[in-house]
Ligand SMILES: Nc1ncnc2c1ncn2[C@@H]1O[C@H](COP(=O)(O)OP(=O)(O)OP(=O)(O)O)[C@@H](O)[C@H]1O
Ligand SMILES: [Mg+2]
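Numbering (the numbering used here), first residue to last: 1 to 405.
Structure below.
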């Protein structure tokens, strides 16, 4: 070899060495047996081996002996060695290489066959990259995506709930307007009529007739006051300012007194009170109990023809008071059952029977306040039975509201 040529070759080698030393990716060469012919410092550093110890070693045994799960990786299956056999480039984007200390790291690598000037295969060059950082970034991104998706789902659910509430609110508003139109127009018309009769026929009317008009005005005002009171009660329940005030109550005596009140006296067929014992002593809120029973009985009377029977039965089971109000009235259509306890909802078969649709909504809220539940069974034109179950004492063990139906 002439001197200048040898010098040129030396310079070229040095240049190659410098390039190999400078690149951040791991680069190593293999001979046809798969042994290391050269390796750059970046590759040696990544697998934690001294460069000098690696040259001549089987690289598969050094860094590619096992799969990620630790199971052996046979050399025949290795894509790096495939390049030595089939003479084509093999690229793997997800695999692991092993360090000297037995730990592994994720890699992406390319195994490129090397050929001499005659095209004869003389080995392969492998370049690889530690992709731990990329994996980590991918994981973070994936997590961020999942978090985002979760947040979107939560927001969507919140929006759906808010939408549903808005829809319910708007339905309730329109039911409220319908009720006000119906329930206030009639008494107001009656009052207007009575007032104009009183004015027009003032001198012709007897005292009894005048008293009749005045009591009609009074009754209509009372009816409207009752409606406003009910609306206020609903408002107070919703604002959660209603307190339960439990006192000792004999429910049997309480019901007897209730049935003697004018509102619940039926001339045709008096309401029957059925109870196996003379008294049932409880600790209940009298106000709430009065409203529950009063509304259920008023409904039974209102939605039952004069000839139909109505019974109020009481019994206790363990420490639960079971109240049943049973009638032989018009019944409740199946499609109304779902909305029965919602404010201002009225059944489809009420036609011109007056009502605001507030009573049962108050009943339900009061039963809940007392930790009980309410259940209805009904058949059109056969009758309806409301069953209320209330814990008799303020003992949380007896709270049965979870099973409200
Ligand atoms: N015993 C019953 N028989 C048949 N239908 C009933 C009975 N009780 C309730 N309903 C139906 O349930 C609806 C709601 O009852 P709720 O007591 O809440 O209101 P209302 O009776 O219409 O008016 P109010 O607020 O004056 O009581 C009634 O309009 C009626 O359609
Ligand atoms: Mg009612």
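Glycine is no exception: its CB is placed at the ideal position from the N, C-alpha and C atoms.
Beta carbon of residue i nearer than 8 angstroms to that of residue j
{"i": "residue 303", "j": "residue 262", "result": "no"}
{"i": "residue 271", "j": "residue 297", "result": "yes"}
{"i": "residue 384", "j": "residue 327", "result": "yes"}
{"i": "residue 123", "j": "residue 31", "result": "yes"}
{"i": "residue 274", "j": "residue 250", "result": "no"}
{"i": "residue 97", "j": "residue 148", "result": "no"}
{"i": "residue 322", "j": "residue 316", "result": "yes"}
{"i": "residue 80", "j": "residue 125", "result": "no"}
{"i": "residue 331", "j": "residue 379", "result": "yes"}
{"i": "residue 358", "j": "residue 265", "result": "no"}
{"i": "residue 245", "j": "residue 285", "result": "yes"}
{"i": "residue 364", "j": "residue 374", "result": "yes"}
{"i": "residue 128", "j": "residue 26", "result": "yes"}
{"i": "residue 362", "j": "residue 234", "result": "yes"}
{"i": "residue 223", "j": "residue 276", "result": "no"}
{"i": "residue 46", "j": "residue 130", "result": "yes"}
{"i": "residue 252", "j": "residue 169", "result": "no"}
{"i": "residue 40", "j": "residue 20", "result": "yes"}
Where the beta strand (DSSP E) through residue i begins and ends
{"i": "residue 299", "result": "No beta strand (DSSP E) contains residue 299, which is instead part of the alpha helix (DSSP H) from 286-302."}
{"i": "residue 98", "result": "90-98"}
{"i": "residue 248", "result": "247-250"}
{"i": "residue 366", "result": "Where residue 366 is concerned, there is no enclosing beta strand (DSSP E), although the alpha helix (DSSP H) it sits in stretches over 359-369."}
{"i": "residue 313", "result": "310-317"}
Selection from the options that minimises the alpha carbon distance to residue i
{"i": "residue 189", "options": "306, 220, 12", "result": "220"}
{"i": "residue 418", "options": "88, 69, 281, 318", "result": "Because residue 418 is not part of the residues shown, which for the chain are 1 to 405, the question remains open."}
{"i": "residue 176", "options": "355, 338, 193", "result": "355"}
{"i": "residue 353", "options": "259, 179, 195", "result": "179"}
{"i": "residue 111", "options": "89, 146, 341", "result": "89"}
{"i": "residue 61", "options": "26, 99, 84, 256", "result": "99"}
{"i": "residue 194", "options": "154, 216, 58, 205", "result": "216"}
{"i": "residue 181", "options": "117, 138, 136, 227", "result": "227"}
{"i": "residue 335", "options": "236, 159, 377, 58", "result": "377"}
{"i": "residue 238", "options": "67, 392, 368, 337", "result": "368"}
{"i": "residue 299", "options": "162, 196, 325", "result": "325"}
{"i": "residue 83", "options": "53, 57, 115, 197", "result": "115"}
{"i": "residue 256", "options": "209, 248, 312", "result": "312"}
{"i": "residue 333", "options": "318, 342, 349", "result": "349"}
For residue i, the residue or residues it bridges with in DSSP
{"i": "residue 5", "result": "None; residue 5 has no bridge partner."}
{"i": "residue 35", "result": "58"}
{"i": "residue 331", "result": "BP columns for residue 331 are empty, so no partner."}
{"i": "residue 30", "result": "36, 124"}
{"i": "residue 105", "result": "97"}
{"i": "residue 111", "result": "90, 126"}
{"i": "residue 66", "result": "72"}
{"i": "residue 283", "result": "248"}
Cβ distance (whole Å) where residue i is taken to contact residue j below 8 angstroms
{"i": "residue 36", "j": "residue 55", "result": "5 angstroms"}
{"i": "residue 289", "j": "residue 344", "result": "That pair is no contact at about 24 angstroms."}
{"i": "residue 268", "j": "residue 307", "result": "6 angstroms"}
{"i": "residue 28", "j": "residue 6", "result": "About 27 angstroms separates the two Cβ atoms, so there is no contact after all."}
{"i": "residue 283", "j": "residue 394", "result": "6 angstroms"}
{"i": "residue 370", "j": "residue 390", "result": "5 angstroms"}
{"i": "residue 109", "j": "residue 92", "result": "6 angstroms"}
{"i": "residue 310", "j": "residue 301", "result": "7 angstroms"}
{"i": "residue 105", "j": "residue 132", "result": "5 angstroms"}
N-terminal and C-terminal residue of the alpha helix (DSSP H) that residue i is part of
{"i": "residue 324", "result": "Counting along the chain, residue 324 falls outside any alpha helix (DSSP H), though it belongs to the beta strand (DSSP E) covering 320-327."}
{"i": "residue 374", "result": "Looking at the DSSP string, residue 374 is not in any alpha helix (DSSP H); the run it does join, the beta strand (DSSP E), is 373-379."}
{"i": "residue 130", "result": "Here residue 130 belongs to no alpha helix (DSSP H); instead the beta strand (DSSP E) covers 121-130."}
{"i": "residue 390", "result": "Looking at the DSSP string, residue 390 is not in any alpha helix (DSSP H); the run it does join, the beta strand (DSSP E), is 383-391."}
{"i": "residue 79", "result": "79-86"}
{"i": "residue 214", "result": "207-238"}
{"i": "residue 274", "result": "Run containing residue 274: none in the alpha helix (DSSP H); it sits in the beta strand (DSSP E), 272-274."}
{"i": "residue 42", "result": "41-47"}
Residue i Cβ short of 7 angstroms to ligand 4 heavy atom set
{"i": "residue 349", "result": "The model on display carries ligand 1 and ligand 2 but not ligand 4."}
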